[in-house]
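Numbers given in this note's numbering equal positions in the sequence shown, counted from 1, plus 40.
Built from N, CA and C at the ideal position, the CB exists for glycine as well.
Nothing here was measured: the structure is a model prediction, and the numbers come from that model.
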Amino acid sequence: MSELATIAELYTPSVNNEGRYIDSVPVNIQHGIRCPCGSNTVFKSRPSFTTHTTSRRHVEWLERINNDQRNYLAENIRLTEQITQQRRLVVSLSNQLEVVRTELRAEQTRADTIKAELDDTKNKLIQCLMNGPNNYTKGNKHD
Ligand SMILES: [Zn+2]
């Protein structure tokens with residue numbers, strides 16, 4: 041049942057010659073159809089959806105979207121702008137992420153180098169301790 045809900049088509053009414061939304065039930069409903077009027081039902085057949093379009097909730101919804109058409113246009117424009125901004129943000133964040141990844145790789149390389157030097161120094165110290173203090177060679181002068 042949940043699989044049916046995820047693949048069900050979302051119903052959209054048609055627009056008539058006067059620019060008003062009108063119901064136009066799809067001829068072929070293969071995987072069920074959902075209605076944006078607020079109904080949670082997934083209609084599995086054309087007759088069941090056709091019956092739904094006569095329900096009070098659906099009729100009132102169709103009336104409401106016809107009355108609010110200009111608002112929907114404004115909302116559409118606003119959402120389109122928002123999507124454009126969010127796409128830019130995603131690109132910007134992706135670029136920043138790539139910069140950080142590159143810096144991280146460089147830091148990892150530095151850390152690996154330091155670790156190798158420390159291991160080398162540790163091995164020299166161990167060697168020195170095992171050979172006794174008199175055998176310490178001042179190979180690395182830091183002063
Ligand atoms: Zn509906």
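- Ser64 has its CB no nearer than 7 angstroms to any heavy atom of ligand 1.
- If you check the C-beta of Ser79 against ligand 1, you find a heavy atom less than 7 angstroms away.
- Bounds of any alpha helix (DSSP H) do not take in Ile69, whose DSSP letter is neither H nor E.
- Ranked by how close their Cα comes to the Cα of Leu102, the residues Phe83, Gly72, Ala156 and Gly59 have Gly59 in first place.
- The three-state secondary structure of Glu121, taken from DSSP, is helix.
- Taking 8 angstroms as the upper bound for CB-CB distance, Pro53 and Ile62 are in contact here, some 6 angstroms apart.
- DSSP places Val140 within a helical segment (H, G or I) once states are collapsed to three.
- Ile166 counts as exposed, since fewer than 16 other beta carbons sit within 10 angstroms of its beta carbon.
- DSSP lists no bridge partner for Val82.
- Comparing alpha carbon positions, the residue from Thr81, Ser85, Cys168 and Val130 closest to Gln70 is Ser85.
- Look at His71: its beta carbon is at least 7 angstroms from all of the heavy atoms in ligand 1.
- Under the three-state reduction of DSSP output, Arg74 falls in the strand class.
- Glu115 carries a helical assignment under DSSP once its states are collapsed to helix, strand and coil.
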